[in-house]
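For the sequence shown, the working numbering assigns the number 10 to the initial residue and increments by one for each residue that follows. The structure appears below as structure tokens.
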Amino acid sequence: MQTPILQATDVWRSYQRGSETIHALAGMSLTVQAGEMLGIVGRSGSGKTTFLNQAGCLDTPTKGNINICGTEVTGMPEKELVAFRRDHIGFIFQLFYLIPTLTAVENVELPMIFARESRRRERALEALERVGLREVNALPHQLNGGDMQRVAIARALVRKPQLLLADEPTGRLEHQSRTAIMDIFRGLQAEGLGIVIVTHDPTLADETDRIIELRDGRISSPGRDSAMESSLKSED
Ligand SMILES: Nc1ncnc2c1ncn2[C@@H]1O[C@H](COP(=O)(O)OP(=O)(O)OP(=O)(O)O)[C@@H](O)[C@H]1O
Ligand SMILES: [Mg+2]
């Protein structure tokens, strides 16, 4: 059997708020295979971002295990974890998080600078071409939202991760840009990336292979339609 890109097993993440314990995740288990696009929906506070943070090794579960491409990351020393994350995982956020004083291509070069890699400009330009951005020397504020997200995707991809995690990637975008971003994701999926997208956007969720709904930190996975319905209700 193929090694999954992501395997989460009984993941808990609990926070202490005064005397109260909040279980942001309460026993999440899921598997994402290479070339699979998984959508996660659920109302605000259901644990979606918390889950992406555990899957992306940005945070450590209180209990449970995360395995990425066959490597058990739970309990890995911080320094190793940072390198592992850089080599295997790409992140995309709703608010892009580009460095405002750097041009598009310079933003994409950043992960390669941290990893001390060569041919940075060339590879950054390749990644930007891949996502269809022409204004490579523009500063972020000179770009529209869709193009800013293209830059963020190029930055996430430039080191060729196997797992792509996106938290509301189209939340701030207009319809046309959403379609373009979705096309990019589909291309990546065809190349064998495992993709997890947290979204409230029904068109985006509809394009995924599989949708799970989170409720109170665990999967309450009814059919695709009812998952979307309750996610939409939470938008009201
Ligand atoms: N650092 C923290 N300290 C305490 N509680 C937290 C922390 N981070 C998240 N939580 C709590 O965990 C729960 C899940 O939060 P999370 O951000 O994962 O939800 P979400 O599904 O991403 O919501 P949204 O759709 O609003 O982004 C919430 O009750 C939140 O208040
Ligand atoms: Mg969130």
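Every residue gets a Cβ at the ideal spot worked out from N, C-alpha and C, and that includes glycine. These numbers come from a predicted model, not from an experiment.
Ala136 and Asn146 have their C-alpha atoms some 14 Å from each other. Between the alpha carbons of His97 and Gly203 lies a distance of about 11 Å.
Its chain contains Ala35, Gly36, Met37 as the residues whose beta carbon lies nearer than 7 Å to that of Arg227, once the 5 sequence neighbours on both sides are disregarded; these appear in chain order. Counting C-beta pairs closer than 8 Å gives three or more between the segment 91–108 and the segment 170–189, which meets the contact rule.
The closest heavy atom of ligand 2 lies 7 Å or more from the beta carbon of Asp225. With 16 or more neighbouring CB atoms inside 10 Å of its own CB, Ile221 falls in the buried class.
Looking at the DSSP output, Tyr24 bridges to Ile31.
For Phe105, no beta strand (DSSP E) encloses it, and the DSSP letter there is neither H nor E.
Taking each of Leu61, Val117, Ser55 in turn and checking the Cα distance to Val41, the smallest one comes out for Leu61. When secondary structure is reduced to three states using DSSP, Glu177 falls in the coil class, being assigned neither helix nor strand. Take Asp19, set aside five residues on each side of it, and the residues of its chain with a beta-carbon closer than 8 Å to its own are Gly36, Met37, Ser38, Lys72, Gly73, Asn74, in chain order.
Three or more beta-carbon pairs drawn from the segment 47–67 and the segment 204–213 are found closer than 8 Å, and the two stretches are therefore classed as touching. Residue list for ligand 1: Tyr24, Ala33, Ser53, Gly54, Ser55, Gly56, Lys57, Thr58, Thr59 (CB closer than 5 Å to any heavy atom, chain order). Nearest C-alpha to Thr112 among Lys88, Trp21, Met157, Ala214: Met157. The three-state reading of DSSP puts Glu200 in coil, since its state is none of H, G, I, E or B. Your pair Ala165 and Phe100 checks out as a contact, with CB atoms roughly 6 Å apart and the cut at 8 Å. In this structure, the alpha-carbon of Glu29 lies about 45 Å from that of Glu200.
The C-alpha of Glu177 lies about 11 Å from the C-alpha of Ala214. For Met121, the enclosing alpha helix (DSSP H) stretches over residues 113–123.
Straight across, the Cα-Cα distance linking Pro109 with Leu142 is about 17 Å. When C-alpha distances from Ala92 are compared across Pro70, Glu144, Asn116, Met121, the shortest belongs to Met121.
Annotation for Arg159: no beta strand (DSSP E) segment contains it, though the alpha helix (DSSP H) segment containing it runs 154–166. Put simply, of Gly56, Met46, Thr188, Ala17 the residue whose alpha carbon is nearest the alpha carbon of His32 is Gly56.
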